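Sequence order for the protein chains is R and P.
Position one of the first sequence corresponds to residue 1 (my numbering), numbered consecutively onward.
Position one of the second sequence corresponds to residue 1001 (my numbering), numbered consecutively onward.
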Amino acid sequence: MADLRVNLCNIELKNPIIMASGTFGFGREYGEIYDISKLGGISSKGLTLVAKPGNDGLRVHETASGMMNSVGLENPGVRGFIEKELPDFSKLNLCRIVNLGGGCEDDYVEGAKLLDDKDFDILELNISCPNVKHGGMAFGIKAEVAREVIREVRAATTKPLVVKLSPNAEDIVEMAKVCEEEGADGISLVNTFKAMAIDIDRRKPVFNNVTAGLSGPAIKPIALRMVYEVCKSVNIPVIGIGGITTARDVIEFIMAGATCVQIGTANFMNPRIGEDIIKDLEDFMKENNIDNLEEIRGII
Amino acid sequence: MEYRVLENKYVGEGMYFLKVAGDFDVKMGQFFMLRAWDNFPILSRPISIYDVDKEGISFLYKVVGRGTEKFEKLRKDDKINLEGPYGNGYEKVEGRVALVGGGVGIAPLYLVAKEIKNCDCYLGFREEPIMLEDFKEVVKDLKYSTGNEFVTDILDVDKYDYILACGPTPMMKKVLEMTEGTKTRVQVSLENHMACGIGACLVCTCKTKSGNKKTCKDGPVFWGEDVII
């Protein structure tokens, strides 16, 4: 009997499949397509303290084996989320992760405080946001900049805290170590890669912001390498993210040491990818006589 | 969900008529996410419903890129994935109604013409008129433009209580301009790049007077007085 359950930050998940922030809303839309309580968890649309309208211009562009997005964190704000989305989100029978971003440290801290007594399981900190006080460079690039925001949010929340790393970090392993040192309960990686496309007919960048985030199978081998390196360097659980589209991809990340994985872009390839992967994962485990994922976790 | 292709034929103006077998319950102006490949391109393609009957559902699509180039190669009995129907379609209206379509924007108007009887219909084409035989059967009066004449050049908005439009952005802008300050109300169907198609990913956000809306879920059809295009 294949047991897909995993323990993440002392929370039992039915399986290691979590839907990635920004690709699954708050679960409502996909919940109309299939029974999402089969999933291990959902990470909410990224929230900021104040509601954001998102970016102007084109927001999505396909690339070879991937896609780029420039949504710009359009979201209802922490208070808007608490008022309009949380009542339904908190009722979901799975691991409920709230993803929080911010433009400055105070935003993160205030957002974390507002969310602290609310009914959900894990706070996921998105440190890929541009730091408005440091010329717009993302918090997640330099480890010592990230350290401060992680420390302050750690002090502001009693929830299990997972920090979502940017692959654009100067040193991803150093960044992961800083998260562990500052008391994070887990690490998720990777967010999208900073990337670019040019419309040669218009002689202009495809995106108004010039750069955008690359996701999808194109980034999977790099994401896997980063997850592998981070898993070797920290003792807190790691959630692997990056171009996962099949159960075999999931197994790769678990063999590299990940506790769970997040699925993002693949939801756009197949809206039922979550339940499909869970079924394929169970079949793989049965065929390979794996009773528990612990048997193969981190074997590489 | 996987379905089977009944027919896929070139109809002119760079457009194909695709019919897929199955039993579909749809509203005029809705769309499906179509996919005729496994992994790449990553995204499925949002395509408006042209018609439904007891055999299946049909679409009109224009070949514009890597996805529609794959649709172009579909043959009878090939498999195709359809997810939907998605979106809010055209609101049913009563009175004097004109349908205004340009290019592949004529696609959703056929089903509208079937549902709202006795519409006048104005279609704009680049070089040659297509699908006229279909439209003639379901509308009261059919006019079309080609070449340098725009469909909005042959449209007298004052004759109508409602205009239901779908076409290139300049065409829809022009219709909104022509009806501004008049009693004629307009519904426009927007086209936008989409990823999920169901309102989760926010890549197809459009602007309205009441804030951001999701083209895929709140639209693709909006009232002209609300939407900002």
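For every residue, glycine included, the Cβ atom is placed at its ideal position computed from N, Cα and C.
All values reported here derive from a predicted model rather than from experimental measurement.
- Three or more pairs of CB atoms, one per stretch, sit closer than 8 Å, so the region 1150-1157 of chain P contacts the region 1096-1106 of chain P.
- Boundaries of the beta strand (DSSP E) around E1083 (chain P): 1079-1086.
- In the same chain as N55 (chain R), and ignoring 5 residues on each side of it, the C-beta atoms closer than 7 Å to its own belong to S70, V71, G72, N208, N209, in chain order.
- Between the alpha carbons of E287 (chain R) and I296 (chain R) lies a distance of about 14 Å.
- By the CB criterion at 8 Å, Q1030 (chain P) and I1057 (chain P) fall outside the cutoff.
- In the structure shown, V1093 (chain P) falls within a coil segment according to DSSP collapsed to helix, strand and coil.
- For S233 (chain R), the enclosing alpha helix (DSSP H) begins and ends at 220-233.
- Going by C-alpha positions, V145 (chain R) is about 12 Å away from E174 (chain R).
- Counting every other CB atom within 10 Å of its CB across the protein chains shown gives T245 (chain R) a total of 16 or more, marking it as buried.
- For T1179 (chain P), there is no enclosing beta strand (DSSP E); the residue is part of the alpha helix (DSSP H) that begins and ends at 1169-1179.
- One alpha carbon belongs to G25 (chain R), the other to G213 (chain R), and they sit about 18 Å apart.
- Within its own chain, the residues whose Cβ lies closer than 8 Å to the Cβ of R154 (chain R), once the five positions on either side in sequence are excluded, are L161, E182, G183, A184, listed in chain order.
- With a cutoff of 8 Å on beta-carbon distance, I1080 (chain P) and A1107 (chain P) are scored as not near each other.
- The C-beta separation of G27 (chain R) from I36 (chain R) comes to about 6 Å, placing the pair in contact by the 8 Å criterion.
- Just measuring C-alpha positions, the residue of P:K1054, P:P1041, P:D1077, P:V1052 sitting nearest A64 (chain R) is P:P1041.
- Apart from sequence neighbours up to five positions away, the residues of its chain that approach V1175 (chain P) with a beta-carbon distance below 8 Å are V1100, T1152, L1155, V1157, I1163, A1165, V1186, V1188, G1224, ordered along the chain.
- DSSP links R1004 (chain P) through a beta bridge to P:A1021, P:K1079.
- If you draw a straight line from the Cα of G140 (chain R) to the Cα of I1047 (chain P), it is about 39 Å long.
- Contact annotation, I241 (chain R) with V163 (chain R): C-beta distance approximately 12 Å; criterion of less than 8 Å not satisfied.
- Excluding the 5 residues flanking it on each side, A195 (chain R) has same chain C-beta neighbours closer than 8 Å at T63, M68, T211, A212, G213, L214, in chain order.
- The three-state reading of DSSP puts Y108 (chain R) in helix, counting H, G and I together.
- Here K1054 (chain P) is exposed: its Cβ has fewer than 16 other Cβ atoms, across all protein chains shown, within 10 Å.
- Residue burial annotation: M137 (chain R) is exposed, with fewer than 16 other C-beta atoms found within 10 angstroms of its C-beta.
- Listed in chain order, the non-local C-beta contacts of K84 (chain R) below 7 Å within the same chain comprise P76, local neighbours out to five positions each way being set aside.
- The C-beta of I1229 (chain P) comes no closer than 8 Å to any C-beta of chain R.
- D1141 (chain P) carries a strand assignment under DSSP once its states are collapsed to helix, strand and coil.
- Beyond the five residues adjoining it in sequence on each side, V230 (chain R) comes within less than 7 Å, by CB distance, of I172, V173, A176, I187, L189, V238 in the same chain, given in chain order.
- Between G31 (chain R) and N99 (chain R), the C-beta gap is not smaller than 8 Å, which leaves the two residues out of contact.
- Secondary structure at D276 (chain R): helix, using DSSP grouped into helix, strand and coil.
- Under the three-state reduction of DSSP, A1098 (chain P) is assigned to strand.
- Scanning the region 116-178 of chain R from its first residue to its last, the whole beta strand (DSSP E) runs of 3-plus residues come out as 122-126, 161-164.
- Counting along the chain, I241 (chain R) sits inside the beta strand (DSSP E) bounded by residues 238-241.
- Rounded to the nearest whole angstrom, the C-alpha separation of D1051 (chain P) and L1018 (chain P) is 10 Å.
- By the rule that beta-carbons nearer than 8 Å mark a contact, S37 (chain R) does not touch chain P.
- If you keep only unbroken beta strand (DSSP E) runs of at least 3 residues inside the region 1037-1064 of chain P, you get 1045-1052, 1056-1062.
- Not flagged as an interface residue toward chain R: C1119 (chain P), since no C-beta distance is shorter than 8 Å.
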